[in-house]
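K.L.:
For reference, the structure I am asking about is given below.
Structure below.
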């Protein structure tokens, strides 16, 4: 009784679990543990793929 | 005047825009509706024919009439992190917040009504057709026989979710997937199924539209790529996204699509075939852009920040049927 499309489902990837930054309410930005602004570190963003269009995770519901 | 950003804390893509807004000195208040009524508060009064409303997040307080723009990025569901969350509290909080904001004169990216409509993929396909964008032959059906007949006409098919949503119990993703020949379509009867002719592609295109500014990126498909790897989000290719020129006819059609949809932002996905034709796949009204900027260097975040920063509307009131500026 499973809908046809779900025959092609796979486990979602939880990208947020490994993010090495935390939200700073004062700055309104996510900050790395060394104090730098995460969004300025493109190499890190590329490595973490947190800005990537990868369906199924918390911040990527509308890729 | 202030830019309001509705998004989750972990949305580092939104950070990319906040950085530009900060650099240009534009006031920003960022909040997640999920934090009503804990870290986020609201108040609005309708007295003597006027409305005065305020929002507060952490130690920032902003007047709703002082908003120049509202960016609905990745907001959480209202009040889901309240001390005692409930579906009733969520509805109350969402109605209060979005109801007040709908009464403001701020520009939206994107307006909730336009966003809700634009999420419907069947509607997207029809609008794309009307705007002159090539759309691959598509069937959405719960009739197994219709699926079989469609597969006879178009033997090389893909399947994808109609809604773009993904099952959460347990969390799963449903990538666009190739349908094997002689597939049993019986299960089509158990849920609406979107089948589409597979476009043999030589590249994926992500076109990010910010109002009338179009920024396209192209990711080439490897010549020896596995044809079963249809969904670029799950493909193993290491080829980079690179800036691409937008064909004039596509640009015209995309701008028409945005106008018709009432969107100020859209992330369009196309498949480029061997003839260079860009086949419309979908338009995500809040689609990701960070990965494109990170790889191509295209100034998408800055462009969004500039749009959000434009001066807000002059406050007006309606007096005797004519529009009068309020001083």
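Chains as they are written, first to last, in the working numbering: chain U, 54 to 116; chain Y, 10 to 336. We put the beta carbon where it would ideally sit given N, CA and C, even for glycine. Predicted, not measured: the structure shown is a model, and the values here were computed from it.
Using a Cβ cut-off of 7 Å, which residues of the stretch 64 to 84 of chain Y contact any Cβ in chain U, in chain order?
P.N.:
67 and 83
K.L.:
Have a look at residue 64 of chain U and residue 10 of chain Y and give me their C-alpha separation to the nearest angstrom.
P.N.:
44 Å
K.L.:
Below 7 Å between beta carbons: does that hold for residue 35 of chain Y and residue 71 of chain Y?
P.N.:
Not a contact, by the Cβ cut-off of 7 Å.
K.L.:
Compile a chain-ordered list of the residues in the stretch 174 to 187 of chain Y whose CB is closer than 8 Å to at least one CB of chain U.
P.N.:
174, 175, 176, 179, 180, 181, 182, 183, 184 and 186
K.L.:
DSSP three-state label for residue 118 of chain Y, please.
P.N.:
strand
K.L.:
Taking CB distances under 7 Å as the criterion, tell me whether residue 89 of chain U reaches chain Y.
P.N.:
no
K.L.:
Between residue 64 of chain U and chain Y, is any beta-carbon pair separated by less than 7 Å?
P.N.:
yes
K.L.:
Under three-state DSSP, which class holds residue 63 of chain Y?
P.N.:
Residue state, collapsed to three classes: strand.
K.L.:
Can you check whether the CB of residue 22 of chain Y is closer than 7 Å to the CB of residue 296 of chain Y?
P.N.:
no
K.L.:
Applying a beta-carbon distance threshold of less than 8 Å, which residues of chain Y neighbour residue 86 of chain U?
P.N.:
Using a Cβ-Cβ cut-off of 8 Å, residue 86 of chain U is close to nothing in chain Y; its nearest Cβ partner there is about 14 Å away.
K.L.:
If we cut at 7 Å on Cβ distances, does residue 336 of chain Y have a partner in chain U?
P.N.:
Confidence in residue 336 of chain Y is poor, its pLDDT being 33 and thus under 50, which makes the residue's placement unreliable; the coordinate value appears in the next sentence. Answer no: the Cβ-Cβ gap between residue 336 of chain Y and chain U never drops below 7 Å.
K.L.:
Under DSSP, the alpha helix (DSSP H) around residue 266 of chain Y begins and ends at which residues?
P.N.:
257 to 270
K.L.:
Using a Cβ-Cβ cut-off of less than 9 Å, list which residues of the stretch 15 to 26 of chain Y approach chain U; keep chain order.
P.N.:
16, 17, 18, 19, 20, 21, 22, 23, 24, 25 and 26
K.L.:
Can the beta-carbon of residue 118 of chain Y be found closer than 7 Å to that of residue 62 of chain Y?
P.N.:
no
K.L.:
Taking DSSP as the reference, what is the three-state secondary structure of residue 28 of chain Y?
P.N.:
helix
K.L.:
Under DSSP, the alpha helix (DSSP H) around residue 294 of chain Y begins and ends at which residues?
P.N.:
No alpha helix (DSSP H) holds residue 294 of chain Y; DSSP gives it neither H nor E.
K.L.:
Locate the beta strand (DSSP E) running through residue 278 of chain Y, then write down its first and last residues.
P.N.:
274 to 282
K.L.:
Let me confirm a value: residue 288 of chain Y is counted as buried when at least 16 other C-beta atoms fall within 10 Å, else exposed. Which label applies?
P.N.:
The residue is buried, with at least 16 neighbouring Cβ atoms inside 10 Å.
K.L.:
Answer yes or no: does any C-beta atom of chain Y fall closer than 7 Å to that of residue 109 of chain U?
P.N.:
Residue placement at residue 109 of chain U cannot be trusted, given a pLDDT of 42 that sits under 50; what the coordinates show is reported in the next sentence. Chain Y, which has a Cβ nearer than 7 Å to the Cβ of residue 109 of chain U, makes this yes.
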